[in-house]
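Engineer: Numbering (my numbering), first residue to last: 4 to 183.
Note that the Cβ used here is the ideal one computed from N, Cα and C, for glycine as well.
Quantities reported herein were computed from a predicted structural model and do not represent experimental measurements.
(1) Tell me which same chain residues have a C-beta within less than 8 Å of the C-beta of residue 31, skipping the five on either side of it?
(2) Based on the DSSP output, what are the partners of residue 96 in its beta bridges?
(3) Roughly how many angstroms lie between the CA atoms of residue 216 and residue 170, to the nearest whole one?
(4) From the DSSP output, which residues share a beta bridge with residue 165?
(5) Can you round the beta-carbon distance between residue 16 and residue 50 to whole angstroms, since I take them to be within the 8 Å contact cut?
(6) In the DSSP assignment, find the unbroken alpha helix (DSSP H) run with residue 62 in it and report its ends.
(7) Comparing alpha-carbon positions, which option in 149, 109, 129 and 157 lies nearest residue 140?
(8) Please list the segments of the beta strand (DSSP E) lying wholly inside the segment 19-59, counting only runs of 3 or more residues, in order along the chain.
(9) Among 143, 65 and 132, whose alpha-carbon lies nearest the alpha-carbon of residue 159?
(10) By DSSP, does residue 91 sit in helix, in strand, or in coil?
(11) Might you give, ordered along the chain, the residues of its own chain that have their beta carbon closer than 8 Å to the beta carbon of residue 88, omitting 5 neighbours on each side?
(12) Can the beta-carbon of residue 45 be found less than 7 Å from the beta-carbon of residue 74?
(13) Write down the C-beta distance between residue 148 and residue 61 rounded to the nearest angstrom, noting that I regard them as a contact closer than 8 Å.
(14) Counting C-beta neighbours from all protein chains within 10 Å, is the total for residue 67 16 or more, i.e. buried, or is it exposed?
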C-alpha cells in the first residue's frame with residue numbers, strides 16, 4: 004500500500020497485523036479520490052474524519068493532498084498501532100487526532116466535518132447505522148461530503164442523505180453522499 008498523490012506520493016503505508024482489517028486497495032483508493040476531487044476541487048484545509056480507519060490510508064491520502072486535519076477513529080489495537088506508525092512516519096501528528104474507540108461511541112461533534120470517510124467491515128450494514136448516528140450528532144453539515152466503501156452488492160441508504168455518485172471497483176462499491 005502506498006500514498007497515491009500529493010506531498011507523500013509513493014510513500015509506503017504500514018498495514019495492521021492480522022486479518023481483522025481489510026485495507027482499501029490502491030486502485031480503489033485512487034478511484035475514490037478521483038471521485039472526491041471532481042466534487043471538492045481541492046482538499047486544501049479540509050476537516051476530515053476517517054471512520055473505521057484501519058491503516059489510516061484514506062485519511063492520510065486526504066492529508067497528503069492538503070487536508071488541514073484528520074480525525075482517525077478505530078477500535079482494533081493492531082490497526083491503531085498501524086495508524087500511529089503511519090502518522091509518525093509522515094510526521095503528521097500536528098494535523099491528526101487518533102481516537103481508539105468505536106465509531107458508535109462517538110459523542111456530538113463541535114462542528115461538522117468537511118469530509119467523512121467510512122470503510123466499515125463489508126456485509127455488516129455498519130455504514131448505515133453509523134451515518135444515521137453521525138447526522139443526529141452533528142458530524143454531517145450542509146456542505147459535508149460523505150464517502151463510503153462497502154461490498155459491491157451493498158447499498159448505503161440513510162434517511163436525510165442522498166447519493167450523488169456511485170461506482171463499483173472490483174469487490175468494492177464507492178458511494179458519495181450529501182444531505183438532501
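Structural biologist: Judging by the given coordinates:
(1) Once the five neighbours on either side are set aside, the close Cβ partners of residue 31 are 152, 172, 173, 175 and 177.
(2) Looking at the DSSP output, residue 96 sits in no beta bridge, so it has no partner there.
(3) This structure does not reach residue 216, given that the chain is present from 4 up to 183, and the question cannot be answered.
(4) Answer is 181.
(5) Their Cβ separation, rounded to whole angstroms, is 22 Å, which puts residue 16 and residue 50 out of contact at 8 Å.
(6) 60-67 is the span of the alpha helix (DSSP H), which, as asked, contains residue 62.
(7) The residue among 149, 109, 129 and 157 with its C-alpha nearest the C-alpha of residue 140 is 109.
(8) Complete beta strand (DSSP E) runs here, min 3: 50-54.
(9) A check of alpha carbon separations from residue 159 across 143, 65 and 132 identifies 132 as the nearest.
(10) In this structure, residue 91 counts as helix in the three-state DSSP scheme.
(11) Hits under 8 Å: 17.
(12) Contact check for residue 45 against residue 74 fails: the beta carbons are separated by 7 Å or more.
(13) Contact doesn't hold; Cβ gap of about 13 Å is too wide.
(14) Buried.
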